[in-house]
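Beneath this line is the structure, given in structure tokens, with notes to follow.
2 protein chains.
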Amino acid sequence: MANTRDADTARRILEAARKVFLEKGMAGARMQEIADEAGINKAMLHYYFRSKEQLFRQVFEEALADMMPKVHAAVLQPMRIKDKLKTFVRVYFEQVRAHPVVPLFVLHELHRSGASLAEVFVEQMKQAVPRAPGLFPQILLDELRAAAARGEPGAHKPDHLLVSLMAMCVFPFVARPMICALMGMDEAAFERFLDERVSQVELFLDSVFPEER
Amino acid sequence: MANTRDADTARRILEAARKVFLEKGMAGARMQEIADEAGINKAMLHYYFRSKEQLFRQVFEEALADMMPKVHAAVLQPMRIKDKLKTFVRVYFEQVRAHPVVPLFVLHELHRSGASLAEVFVEQMKQAVPRAPGLFPQILLDELRAAAARGEPGAHKPDHLLVSLMAMCVFPFVARPMICALMGMDEAAFERFLDERVSQVELFLDSVFPEER
DNA sequence: TTTTGGTTTAACCATATGGTTAGGGCAAAG
DNA sequence: CTTTGCCCTAACCATATGGTTAAACCAAAA
Numbered sequence: 005m006a007n008t009r010d011a012d013t014a015r016r017i018l019e020a021a022r023k024v025f026l027e028k029g030m031a032g033a034r035m036q037e038i039a040d041e042a043g044i045n046k047a048m049l050h051y052y053f054r055s056k057e058q059l060f061r062q063v064f065e066e067a068l069a070d071m072m073p074k075v076h077a078a079v080l081q082p083m084r085i086k087d088k089l090k091t092f093v094r095v096y097f098e099q100v101r102a103h104p105v106v107p108l109f110v111l112h113e114l115h116r117s118g119a120s121l122a123e124v125f126v127e128q129m130k131q132a133v134p135r136a137p138g139l140f141p142q143i144l145l146d147e148l149r150a151a152a153a154r155g156e157p158g159a160h161k162p163d164h165l166l167v168s169l170m171a172m173c174v175f176p177f178v179a180r181p182m183i184c185a186l187m188g189m190d191e192a193a194f195e196r197f198l199d200e201r202v203s204q205v206e207l208f209l210d211s212v213f214p215e216e217r
Numbered sequence: 005m006a007n008t009r010d011a012d013t014a015r016r017i018l019e020a021a022r023k024v025f026l027e028k029g030m031a032g033a034r035m036q037e038i039a040d041e042a043g044i045n046k047a048m049l050h051y052y053f054r055s056k057e058q059l060f061r062q063v064f065e066e067a068l069a070d071m072m073p074k075v076h077a078a079v080l081q082p083m084r085i086k087d088k089l090k091t092f093v094r095v096y097f098e099q100v101r102a103h104p105v106v107p108l109f110v111l112h113e114l115h116r117s118g119a120s121l122a123e124v125f126v127e128q129m130k131q132a133v134p135r136a137p138g139l140f141p142q143i144l145l146d147e148l149r150a151a152a153a154r155g156e157p158g159a160h161k162p163d164h165l166l167v168s169l170m171a172m173c174v175f176p177f178v179a180r181p182m183i184c185a186l187m188g189m190d191e192a193a194f195e196r197f198l199d200e201r202v203s204q205v206e207l208f209l210d211s212v213f214p215e216e217r
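So the sequence lines, in the order shown, correspond to chains B and X.
Mapped onto the numbering used here, the consecutive letters of the first sequence carry residue numbers 5 to 217.
Mapped onto the numbering used here, the consecutive letters of the second sequence carry residue numbers 5 to 217.
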């Protein structure tokens, strides 16, 4: 049976496509390069995935599917909102660190494709954890609003707080070359910077949610 | 003299190129589209700017030159570090808001071009304010380190603090489609979100630099 | 052994794309 | 009025690119 060969080749293609698409984006990627990377003929790409667009979609979806489930699962665990946010930061950051080029890729493609990919994006988020009550931001926002009603995060508005947290986690990866250039970090220094990052973001959360006495 | 026509055409081209490059990136931009946008023949692009690469460079440099000088100037004014950071946030945010697609563009191209554009980037930063003592991050970092010696921003490390501030300012623009999709904002809601943003970031600074009594 | 049907390839195709060129146009200098 | 020199265009070129096709390959079924 050729089923294994079949599946294996498809996987090899996806692996190669992922590598190339993530690095160069849809517009910058070349089908030939993907084929070379996969060690096969260019025609195979079209045999398994009809078009560049379809192959790209698959890569885009898988990139999200690789990162989001753990994050989504993390925010479902029962905790105080402060601890939940810390967990979110830790899990989210580590997920991004494990796939450091995904965010810039996703953001760039989302920007380029106005809305059409956004649907795919949201759909992928929904499937991250099959029967969750909503997207992870909604879950966090709801709990934050409940906390806000108790006056918990001071004057910090829930949506801004959430965006700030995501920003603090993701930005270092999205802006890595800029940060290194601007702040004079080499690769090693940047890795050390990343090592400290989570605890520094948690510090922010500590100041936003001061320990009640 | 045709000098005015000359300069005018060059400007028209740059305007068009900026529009197209910022929207689609180097790889996604088409010379033909730029020519159409400028309402001229494709050959003119090569007459004024030798190649796509050169035209792109020019656009890239100008995009930075439009945004950074005011930011750089802002951090040179004598102030307490806390107020200086607030000023930085205000000016930086407003500059980015005035050119909302520049950051994602710059970050994507910086990522794509590994180091070669990074040099252009740093060079452009240096020229932002002719005889400043250093890049704006260095200035802020130095002052933050001095403040840290006085124990001022608590356990917050200067580099993380600075990255967090930049992240909080820039991320909303870089991640706009994602944020809107994830948090269910339409354009109007997002604009309102942006209106509140600076004050919310300042709140963060207030908690990091508690008012000394 | 032959047949069969999915897998893979080399060659090919149409078009898009960055770039070039020869010449026309036109304002200013002579 | 003619010449000069830059501005501009239409047409063209070579190559890259996404995609297709006909045939070869090859394991498993008959």
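Yeah, the Cβ is synthetic: ideal placement off N, Cα and C, and Gly gets one too.
Fair warning: this is a prediction, and the values are worked out from it, not measured in the lab.
Test item: CB-CB of residue i and residue j under 8 angstroms
i	j	result
methionine 30 of chain B	lysine 46 of chain B	no
valine 95 of chain B	alanine 67 of chain B	no
histidine 115 of chain X	proline 181 of chain B	yes
valine 63 of chain X	arginine 15 of chain X	no
methionine 172 of chain B	valine 205 of chain B	yes
alanine 153 of chain B	alanine 122 of chain X	no
phenylalanine 25 of chain X	phenylalanine 60 of chain X	yes
valine 167 of chain B	isoleucine 183 of chain X	yes
histidine 50 of chain X	valine 133 of chain X	no
CB-CB length for residue i against residue j, believed under 8 angstroms
i	j	result
proline 162 of chain X	leucine 139 of chain X	Contact flag wrong, Cβ pair sits at about 14 angstroms.
arginine 135 of chain B	histidine 164 of chain X	Contact doesn't hold; Cβ gap of about 37 angstroms is too wide.
phenylalanine 92 of chain B	leucine 144 of chain B	7 angstroms
glutamate 215 of chain B	valine 105 of chain B	Going by Cβ atoms, the distance from glutamate 215 of chain B to valine 105 of chain B rounds to 37 angstroms, so no, they are not a contact pair.
Backbone secondary structure at residue i - three-state DSSP
i	result
arginine 217 of chain B	Residue placement at arginine 217 of chain B is poorly supported in this model, since its pLDDT is 43, which falls under 50; the coordinates are not used for a value here.
serine 55 of chain X	coil
alanine 193 of chain B	helix
alanine 179 of chain X	coil
alanine 119 of chain X	coil
valine 79 of chain B	coil
glutamate 156 of chain B	coil
alanine 6 of chain B	Any answer about alanine 6 of chain B is weak, because its pLDDT of 43 lies below 50 and its placement is not dependable; what the coordinates show is given next. It is coil, neither helix nor strand.
valine 105 of chain B	coil
isoleucine 85 of chain X	helix
proline 141 of chain X	helix
alanine 171 of chain B	helix
lysine 74 of chain B	helix
leucine 136 of chain X	In the sequence as presented, leucine is not what sits at residue 136 of chain X; that position holds alanine. Three-state DSSP puts alanine 136 of chain X in coil, outside helix and strand.
isoleucine 44 of chain X	coil
lysine 23 of chain X	helix
lysine 130 of chain B	helix
arginine 16 of chain X	helix
lysine 3 of chain B	The shown model of chain B, from 5 to 217, leaves out residue 3 of chain B, and the question about it has no answer.
alanine 33 of chain B	coil
Cross-chain neighbours of residue i in chain B, by beta carbon under 9 angstroms
i	result
glycine 32 of chain X	Gly29, Met30, Ala31, Gly32, Arg116
methionine 83 of chain X	Within chain B, no residue comes near methionine 83 of chain X; the closest Cβ sits about 21 angstroms away, beyond 9 angstroms.
Chain X contact residues for residue i, given Cβ-Cβ distances below 8 angstroms
i	result
glutamate 200 of chain B	Lys161, His164
Contact list for residue i against chain B, beta-carbon separation under 8 angstroms
i	result
histidine 112 of chain X	Gly29, Leu108, His112
proline 176 of chain X	Val167, Ala171
Alpha carbon of residue i to alpha carbon of residue j, nearest angstrom
i	j	result
proline 82 of chain B	proline 137 of chain B	14 angstroms
phenylalanine 97 of chain X	valine 174 of chain X	7 angstroms
alanine 151 of chain B	glutamate 41 of chain X	51 angstroms
valine 126 of chain B	alanine 119 of chain B	10 angstroms
valine 124 of chain B	glutamine 131 of chain X	42 angstroms
arginine 177 of chain B	serine 117 of chain B	Position check: residue 177 of chain B holds phenylalanine in this sequence, whereas arginine was assumed. Rounded to the nearest angstrom, the two C-alpha atoms are 22 angstroms apart.
alanine 39 of chain B	glycine 158 of chain B	54 angstroms
alanine 20 of chain X	tyrosine 52 of chain X	13 angstroms
glutamate 156 of chain X	valine 212 of chain X	9 angstroms
phenylalanine 197 of chain B	lysine 90 of chain B	18 angstroms
aspartate 70 of chain X	proline 73 of chain B	40 angstroms
glutamine 218 of chain X	threonine 13 of chain B	Summary: the structure shown does not reach residue 218 of chain X, with chain X confined to residues 5 through 217, and so no result is reported for it.
alanine 102 of chain B	alanine 11 of chain X	49 angstroms
leucine 18 of chain B	aspartate 87 of chain X	50 angstroms
Near the ligand PLP: residue i beta-carbon under 7 angstroms from a heavy atom
i	result
isoleucine 17 of chain B	Among the components modelled here there is no ligand, and therefore nothing to report on the ligand PLP.
Closer than 9 angstroms at the beta carbon, the chain X residues around residue i
i	result
methionine 187 of chain B	Leu139, Pro141, Gln142, Leu145, Asp163, Leu166, Val167
serine 55 of chain B	By Cβ distance, chain X contributes nothing, its closest Cβ being about 17 angstroms from serine 55 of chain B, past 9 angstroms.
valine 126 of chain B	Ala185, Leu186
Chain-ordered neighbours of residue i on chain B, where CB pairs are closer than 7 angstroms
i	result
valine 212 of chain X	Ser211
isoleucine 183 of chain X	Val167
Proximal residues of chain X, C-beta to C-beta of residue i below 7 angstroms
i	result
proline 104 of chain B	Result: empty, since nearest Cβ-Cβ is about 10 angstroms, beyond 7 angstroms.
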